[in-house]
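Residue numbers (our numbering), protein chains in the order written: chain A, 1 to 287; chain B, 1001 to 1304; chain C, 2001 to 2434. The next block holds one structure in the form of structure tokens; read it before the comments.
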Amino acid sequence: MPETGAAGRATPLLSVERLTMRFGGLAAIDDLSMDVPANRITAVIGPNGAGKTTFFNCLTGFYKPTAGSVRLNHPERGALRLESLPSHEVASLARVVRTFQNIRLFSKMTVLENLVVAQHNVLQRASRFSLAGLLGLPSYRRAEARALDKAADWLRRLGLLDKADVPAGGLPYGTQRRVEIARALCVDPLLLCLDEPAAGLNPRESGELNELLLRLVEEARLTLLLIEHDMSVVMNVSDHICVLNYGRKIAEGTPEEIRNDPQVIKAYLGEEDAGDTFWTVLTGTRS
Amino acid sequence: MALALQQLINGLTLGAVYGLIAIGYTMVYGIIGMINFAHGDIYMVGAFIAVTGFTLLAALGVDSVAFALLVVLVMAVSFTSAYGWAVERLAYRPLRGSTRLAPLISAIGMSIFLQNMVQLTQGARVKPVPPMITGGVDLLTVDGFTARLSYSQILIVTVTVALLAAFTWLITRTSFGRQQRACEQDRTMTALLGIDVDRTISLTFMLGAALAAVAGVMVTVYYGVVDFYIGFVAGIKAFTAAVLGGIGSLPGAMLGGLLIGLIEAFWSNYLSAEYKDMATFGILILVLVFRPSGLLGRPEVEKV
Amino acid sequence: MPPFVAAGDAPTWAERGRDAAGIALIALLLGIPMIGLTTVDQGGALRVLTRWPLLAAFVAAVFCGRLLLRHALDLLKRRRRGRPGAAAEDEESGRRGVRMIGWAGWLAFGAALVLPLVFSDNRYVVDTATTVLIYVMLGWGLNVVVGLAGLLDLGHAAFYAVGAYAYALLSTQFGWGFWAALPVAGLVAAVFGLALGWPCLRLRGDYLAIVTLGFGEIVRVALVNWTDFSGGPNGISSIPRPSFFGLPFAPSGDAPTFAASFGLEFSPMHRIIFLYYVILALSLLTNALVSRLRRLPAGRAWEAMREDEIACRALGMNVTNVKLSAFALGAMLGGLAGVFFAARQGFISPESFTFNESAIILSIVVLGGMGSQLGVVLASLVLVLIPEIGRDFSEYRMLLFGAAMILIMVWRPGGILSRREPTLRHAAAEGGHA
């Protein structure tokens, strides 16, 4: 059994067991086991090419893992095996929603439309395969109003309300990241997987991101799983960190434990440039 | 047995022609990721230049077939390459970097334009060219049917093989070939390395057009009739060949061409000549559905 | 024409002359084998004919045209550079453009309504307008697949054919009327759409284009060769024309006719005008349906899929259903247009459903501006009227058609009307400002 981090003694929301993903002869993920405790922030870190995004792709049904299992303890549906679900059911049934490293917004559509598309399944059901929608029945109109309210609510909370009618593709990078998170939130996720949410943000923006992530866990009772390179984000918000290198888990624990783990330091110092930055952050020599 | 052998020969000959055209599709697709819809019509232009060339030489009293062939090949290749260059410069280059659909529509427009231009300037009627290369070798006679390898078929296969050898050398061994392959991999990076990407793309179009022109000359010699509409069907079949072989792959284009040629020859003989086009397209659809990367193409991992 | 203009100051006339000479040289090279030389058939043998004066004229025309074009482009550029606030102006003119498009839509609608009344004795005008409307309807149907869902379909004529043959067979073999056959033929076409969509689910853009092209050809080849079923290359003739809800358009006789029932004198124009209004109603219905769907989850899902399929999946959307619904609806609308086409012509053959037809329909969608409903109308007008206007020099019409396709694309790669209207507005939902 994988060791459980300090944060989650209770049943974890997500347990990954012996997950392996091979591309040809290369094991991008090698026998990875870890738990994601509910209502906490768990971070997955590691040098470039460590298999972090592949791990996300296996979780969210974009890749079929070669071996191993990913079990989600869904409060209503019981245990779900994510690795056997197609990608859209990972989001619609299991309510595990992700964002992408290279932002994937519907760029010609407005921010508001992006957030309404995220509520497609609810709205499509309400529109009775477009019939109720075409006829403009009140039941559909109510559902649409609710969807707009929810979208506006998240936009307000993320400070995006003034961008609602702007095409998403024209927004600055940092704003696009926030829109993508807002869009994912409109799916009502149990588990939100963020792939490098701080990439490309300036220090002020990543400070805001920290606050947002903490607030999501506190107020919206979400569970977050994030891949991140920005150590100021990882170390400040994570309850639990899992370190990958060459597809293997080399360490796991609280930020404090990770900071002092000789294995981790070695993995990062192995690469000169990334290691330096990482080292300075780990040891706190950079503010 | 003799009949099957005959179909094999016919199929390979036809396939060689498809393969030559298919290389143009596959190279252009490889380098700028677009279907050059007008490529079939470039081949048709090549065939028309061949018709004019042969007639002109006959009028000038040239009787050496080898000399006539050589002159017509040079003529068709040079003029058709100019057409390939102009098509890219006028209809595709201004659209580089815009949506995926814009160049496709522009290419369809170019195809319509070329067809009608030729119809207007050269006439709508079928152009007959008297057979220049007659005779052949009888290979096998079974039950009164003789399988025959005609000299024109030998010519087509020989020219195709020679061209392929030269072409492989060009792509794998020369500096242009390296630039061409670099552009296929990453155009921006290639440009940053100081390579003139526009020039490389232009040359790619010219090379594709040159091969199509050779195919046009061969078809003129082989069938002896040409009209302004031959580009459409041949173009689609050659494109099918390129996709079947794995688009972007040069040996794949040739292999695809040969397969399409063989399928067509055998299907028309043993099943039904009317439905031979349907067989081609049916196979295309099956390949794309079950092996979208084609026979020799590299499978793509979905990038998330 | 492509923007050949180099950056920097306006070139001198000498530079322009050199540039134009270069272009003229290329024109000469291209012109020699096609214009300078030609072959004519003389008693079974070909003879070469030279046309050097024509070639010289062509090269001279290219030279002068290039000079003038270059001059015009320079002027245009200089004027543009002279205005610093161009960007802000563009935004403003864009907003004005949206309002104008709204007006233009209503204007076109009004014109379409009164057109046959104004030209009630001009068969040619009403017939041409009917043709425009058929293409408008075909374009609107394909717009769902290509413009909204972003699925490149080069075989739309196949669905058009399915609809036309379904009606032709239902009416000639089983005696069905136009109005009864219309929905059935639409459904048959939708089933064909699903049948095509199913294998295409995993294909990327260009491959999809080729598969749809192949599908279109398969349908056509089947129609040509399956003689027992489709009449082969001869097609199906004497397809019944639609009646005015049971009242035939015929000279007065024993049975009640349209003219007799309304106390009018019989005129063949009645049916022409009636057909015009039928296709107008069909296309307006199509437009209403598609515009409404665009504002519903189904339509937004199409557009979202066009923008990013992977993101759609990550948000829990079943992309299979989204794609198939687009294919089915597009095919059904194409089929309905086909029914009308068969009923109007009274005769159909595979000739009417070639790849060229698919290419024209696709061009209408792309030239108009993908996803823009009014753009489809504009493009249909342009593409139907160019050959019509060119009838006086009819050999040149398809040449002009091809050239126009290239020029419009080079001029506006996004199509004539490329502005996208949002389907939702926050301002509308909140009642406040956006």
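Here a beta-carbon is modelled for each residue, glycine too, at the ideal position from N, C-alpha and C. Since this is a predicted model, take the numbers as computed values, not measurements.
- Message: Short of 6 Å in beta carbon distance, which residues of its chain neighbour residue 1046(B), apart from the five on each side in sequence? Order them along the chain.
- Response: 1076, 1080, 1212, 1213, 1216
- Item | Among 227(A), 245(A), 244(A), 246(A), the one whose alpha carbon lies nearest that of residue 237(A) | 227(A)
- Query: Taking DSSP as the reference, what is the three-state secondary structure of residue 15(A)?
  - Reply: strand
- Taking contact to mean at least 3 C-beta pairs separated by less than 8 Å, is the stretch 2211 to 2227 of chain C in contact with the stretch 2245 to 2259 of chain C? no
- Quick one: which chain C residues come within Cβ less than 7 Å of residue 113(A)? 2300, 2422, 2423, 2424
- Item | Assumed close pair residue 2262(C), residue 1112(B) - CB separation to whole angstroms, cut-off 8 Å | No, residue 2262(C) and residue 1112(B) are not in contact; Cβ-Cβ is about 45 Å, not under 8 Å.
- Item | Residues near residue 1044(B) by beta carbon distance below 6 Å, same chain, minus five either side | 1230, 1231
- Query: When we look at the beta-carbon of residue 2433(C) and count the other beta-carbons within 10 Å, is it buried (16 or more) or exposed?
  - Reply: Bear in mind that the predicted position of residue 2433(C) carries a pLDDT of just 39, short of 50, making it too unreliable to give a figure here.
- Query: Under a three-way DSSP split, which group does residue 199(A) fall into?
  - Reply: coil
- Hey, could you find the ends of the beta strand (DSSP E) residue 1237(B) is sitting in? No beta strand (DSSP E) contains residue 1237(B), which is instead part of the alpha helix (DSSP H) from 1230 to 1245.
- Item | Cβ-based burial, residue 2242(C) [other Cβ within 10 Å; buried from 16] | buried
- Query: So with Cβ pairs under 8 Å, would you call residue 2316(C) a contact of chain E?
  - Reply: The structure shown contains no chain E; its protein chains are A, B and C.
- Query: Is the beta carbon of residue 103(A) sitting closer than 8 Å to the one on residue 177(A)?
  - Reply: yes
- Item | N- and C-terminal bounds of the beta strand (DSSP E) containing residue 2146(C) | Unbroken run through residue 2146(C): none, as it is neither H nor E.
- Selection from 2208(C), 2207(C), 2165(C) that minimises the alpha carbon distance to residue 2187(C): 2165(C)
- Leaving out the 5 sequence neighbours to the left and right, which residues in its chain are closer than 7 Å to residue 1010(B) when beta-carbon positions are compared? 1265
- Query: Relative to the C-alpha of residue 1208(B), which residue among 1239(B), 1233(B), 1224(B), 1194(B) is closest?
  - Reply: 1239(B)
- Query: What residue ranges within the stretch 2310 to 2362 of chain C form continuous beta strand (DSSP E) runs of no fewer than 3 residues, ordered along the chain?
  - Reply: none
- Task: State whether the stretch 25 to 39 of chain A contacts the stretch 78 to 98 of chain A, with contact taken as three or more CB pairs (one from each stretch) at a distance under 8 Å.
- Result: no
- Is it a yes or a no for the stretch 2032 to 2045 of chain C touching the stretch 2054 to 2073 of chain C, going by three-plus beta-carbon pairs under 8 Å? yes
- Taking all protein chains shown into account, do 16 or more other C-beta atoms lie within 10 angstroms of the C-beta of residue 2124(C), making it buried, or fewer, making it exposed? exposed
- State yes or no: is the C-beta of residue 2230(C) within less than 8 Å of the C-beta of residue 2172(C)? no
- Task: Look at the Cβ atom of residue 12(A), then the Cβ atom of residue 50(A), and state whether they are nearer than 8 Å.
- Result: no
- Message: Under 8 Å, CB to CB, which of the residues in the stretch 1036 to 1054 of chain B have a partner in chain C?
- Response: 1045, 1048, 1049, 1051, 1052
- Item | Strand pairing of residue 23(A), partner residues [DSSP] | 26(A)
- Message: Give me the chain B residues within the contact set of residue 2202(C), using Cβ-Cβ distance strictly less than 8 Å, ordered along the chain.
- Response: 1289, 1292
- Query: Quick one: what's got a C-beta closer than 6 Å to residue 2251(C)'s C-beta in the same chain, skipping five residues either side?
  - Reply: 2266
- Query: Since residue 2225(C) meets chain B, which of its residues come closer than 9 Å, beta carbon to beta carbon?
  - Reply: 1272, 1274, 1275, 1278
- Task: Locate the alpha helix (DSSP H) running through residue 2299(C), then write down its first and last residues.
- Result: 2297 to 2307
- Enumerate in chain order the residues of its own chain whose CB-to-CB distance from residue 2381(C) is below 7 Å, with the five nearest sequence positions on each side excluded. 2132
- Short CB-CB distance (under 8 Å) between residue 2046(C) and chain B: yes
- Message: Rounded to the nearest angstrom, what separates residue 1280(B) and residue 1263(B) at their Cα positions?
- Response: 7 Å
- Per-residue DSSP class, three states only, for residue 1274(B): coil
- Message: Going by beta-carbon coordinates alone, are residue 2286(C) and residue 2137(C) separated by less than 8 Å?
- Response: yes
- Inter-residue CB distance, residue 165(A) and residue 2425(C) (contact presumed, cutoff 8 Å): 6 Å
- Message: With a threshold of 8 Å between beta-carbons, can residue 2019(C) be considered close to chain A, or not?
- Response: no
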